[in-house]
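Contents: one structure, followed by commentary.
Protein chains in written order, with this note's numbering: chain A, 1 to 245; chain B, 1001 to 1279.
Here it is, written out as structure tokens:
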């Protein structure tokens, strides 16, 4: 019968587990991969320590309320908003009958789902994937290929898009997917829109150029934002300076 | 409401369209007059077949690089120079910021018209080519004109969408965007549509997309999941991953729709081969 070893190393400071044996199997065994699940009870006072040890952290339904409300309490000298942003679960799962709507919204907007492999190939697949962005318009979802990325800019917000010119751009576009847009206004583009109407069969903004570090967009309609991704060789600012343009 | 008939006969061997009906307008109607536009993406593997069907072939800017570089690759046993001379576009149009100088010189020497439109930044290269074909090729019978476009899909999404918008802008002209994986065309709301499915070369995966505006009512026949006065819109239902079940699919809608169907990979070229395959 094999031996199974146990050690509550997750109660020790997080840095000590790398250097020393954590006791699971002795010095020869690899340290455990911790995951943390938070349920809907008062957080233990050492919740931040458990969080540090874990590679994956998730909440079961109202456990998200606990993290939102009580994690800042465990850091009374720090800014609550900074704590909330730092202690962000990877997932919240459950029947969602306990989580408060504003807590769900907070974590949803922090959540950004990156999707690879949604573009190219069969067009109906591609469009079906784009429709998922429209169906989940309150969730940040970014479709990514070798050539470009696409995300939805919901009409409910003004948008500020910070352009990382070492890795993306300058080619970009704004597309009124699904319905015409009576009015869109932008700043930071080579061909800015000024209360401009856009629709299929008429004007849509493609092959535009992101000129400034920040592009702003305001529209009466959900728009797709797309920007090109730079090919290898533009991986760092250092390399950009070295290249002749 | 008039019927508009559709058939992807450009995917069949070129010799068969002359002898048989291709479905556009039925046996009595003349076959379509194909024109081919090549944009700046990898040539589809059946580019030579499209070229054969077309009466007019032109390149949009860097599409000329593709013909120059990649057409010889599709004929690995033949002399590259001979292939380049054979597959000579009638015209190259666009803002000329992608075509390589030596490629432009090569085709200019062969007699290809070079139409530099770099002053016009308001329209895409495809738009410029469609305008040219509509306005400047009297030898094509415009009532049966069907413009095939290779290289419009994939790559940068804003390019792809800009090319799809050309279909919407020229909604009275048959334009088909073609890739190795699928084709896309506009079904204008002004007509009832009969789409003859050539199951040896296309399908069964297909879709109907209300590009540009929601559709209050679409009705189809011949699909696995037919629409019956069904509403479609982005954010709600759109018909993707559908299956063309019958030989003819019909579509009637209050809105312009994109029709898309998959193109079969080689190996399904004939019914005979399909029967031989074990499923």
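Every residue gets a Cβ at the ideal spot worked out from N, C-alpha and C, and that includes glycine.
- Message: Just to confirm the assignment, what range does the alpha helix (DSSP H) spanning residue 109 (chain A) have?
- Response: Here residue 109 (chain A) refers to the residue found at position 109 of the first chain. It spans 101–110 - the alpha helix (DSSP H) in which residue 109 (chain A) sits, taken as one unbroken run.
- Task: Measure from the C-beta of residue 1119 (chain B) to each C-beta in chain A and report whether the shortest distance is under 8 Å.
- Result: What you label residue 1119 (chain B) is simply residue 119 of the second chain in a count that begins at 1. Output row for residue 1119 (chain B): interface = no.
- Going by C-alpha distance, which of A:31, A:51, A:171 and A:46 is nearest residue 37 (chain A)? Locating residue 37 (chain A) in the first chain gives position 37, counting from the first residue. Per the Cα distances, A:51.
- Message: Can you check whether the C-beta of residue 1022 (chain B) is within less than 8 Å of a C-beta belonging to chain A?
- Response: In the second chain, counting from the first residue as 1, residue 1022 (chain B) sits at position 22. Low confidence applies here, because residue 1022 (chain B) scores a pLDDT of 45, under 50, leaving its location unreliable; read the following figure in that light. So no, residue 1022 (chain B) is outside the interface.
- Item | Cβ-Cβ distance between residue 190 (chain A) and residue 209 (chain A) below 8 Å | The residue given as residue 190 (chain A) occupies position 190 in the first chain. The residue given as residue 209 (chain A) occupies position 209 in the first chain. For residue 190 (chain A) and residue 209 (chain A), yes; Cβs fall inside 8 Å.
- Item | Member of A:134, A:133, A:93 and A:69 whose CA lies at the smallest distance from the CA of residue 102 (chain A) | Counting from 1 along the first chain, the entry for residue 102 (chain A) is found at position 102. Comparing Cα positions, the closest option is A:69.
- Message: Check whether the stretch 1050–1062 of chain B and the stretch 1158–1168 of chain B touch, using three or more Cβ-Cβ pairs below 8 Å as the test.
- Response: Touching, no.
- Query: Between which two residues does the beta strand (DSSP E) containing residue 1242 (chain B) stretch?
  - Reply: Numbered from 1 along the second chain, position 242 holds the residue referred to as residue 1242 (chain B). Segment 1239–1243, the beta strand (DSSP E) holding residue 1242 (chain B).
- Query: If we call anything under 8 Å between Cβ atoms a contact, is residue 120 (chain A) one with residue 1168 (chain B)?
  - Reply: The residue given as residue 120 (chain A) occupies position 120 in the first chain. The residue given as residue 1168 (chain B) occupies position 168 in the second chain. No, they are not a contact pair.
- Give the range of the beta strand (DSSP E) segment to which residue 1186 (chain B) is assigned. Numbered from its first residue, the second chain carries residue 1186 (chain B) at position 186. First-last of the beta strand (DSSP E) with residue 1186 (chain B): 1182–1187.
- Taking residue 184 (chain A) as the reference, which of A:199, A:144, A:214 and A:67 has the closest Cα? For this step, residue 184 (chain A) is matched to residue 184 along the first chain. Measuring from the Cα of residue 184 (chain A), the nearest candidate turns out to be A:199.
- Message: By alpha-carbon positions, which one of A:53, A:74 and A:42 ends up nearest to residue 65 (chain A)?
- Response: By one-based count along the first chain, residue 65 (chain A) stands at place 65. The candidate whose alpha carbon is nearest that of residue 65 (chain A) is A:42.
- Task: Identify every residue that forms a DSSP beta bridge with residue 1156 (chain B).
- Result: Translated into the one-based positions of the second chain, residue 1156 (chain B) becomes position 156. DSSP output for residue 1156 (chain B) lists no bridge partner at all.
- Query: What residues from chain A crowd round residue 1159 (chain B), counting only those whose CB sits closer than 8 Å?
  - Reply: Translated into the one-based positions of the second chain, residue 1159 (chain B) becomes position 159. Simply 206 and 207.
- Message: List, from N- to C-terminal side, the alpha helix (DSSP H) runs of 4 residues or more that fit wholly inside the stretch 1102–1172 of chain B.
- Response: 1125–1136 and 1157–1169
- Message: Please state whether the Cβ-Cβ distance between residue 229 (chain A) and residue 148 (chain A) is less than 8 Å.
- Response: Translated into positions along the first chain, residue 229 (chain A) becomes position 229. Translated into positions along the first chain, residue 148 (chain A) becomes position 148. In this structure, residue 148 (chain A) lies closer than 8 Å to residue 229 (chain A) by Cβ.
- Comparing alpha-carbon positions, which option in B:1262, B:1003 and B:1240 lies nearest residue 131 (chain A)? As a position in the first chain, residue 131 (chain A) is number 131, starting the count at 1. Minimum Cα distance to residue 131 (chain A) is reached at B:1240.
- Candidates B:1221, B:1185 and B:1242, of which the one nearest residue 1258 (chain B) by Cα: For this step, residue 1258 (chain B) is matched to residue 258 along the second chain. Taking only the C-alpha atoms, the option nearest residue 1258 (chain B) is B:1185.
- Delimiting residues of the beta strand (DSSP E) encompassing residue 1191 (chain B): Residue numbering aside, residue 1191 (chain B) sits at position 191 when the second chain is read from its first letter. Note, residue 1191 (chain B): premise wrong, no beta strand (DSSP E); not H, not E.
- Identify, in the order they occur along the chain, each residue of the same chain with its Cβ nearer than 7 Å to the Cβ of residue 1114 (chain B), setting aside the five sequence neighbours on each side. As a working note, residue 1114 (chain B) is residue 114 in the second chain. Closer than 7 Å at Cβ, skipping near neighbours: 1092, 1104 and 1108.
- Simplified DSSP state of residue 1026 (chain B), which is helix, strand or coil: The residue given as residue 1026 (chain B) occupies position 26 in the second chain. Per-residue confidence for residue 1026 (chain B) stands at a pLDDT of 47, beneath the threshold of 50, marking its modelled position as unreliable; the derived number appears in the next sentence. It is coil, neither helix nor strand.
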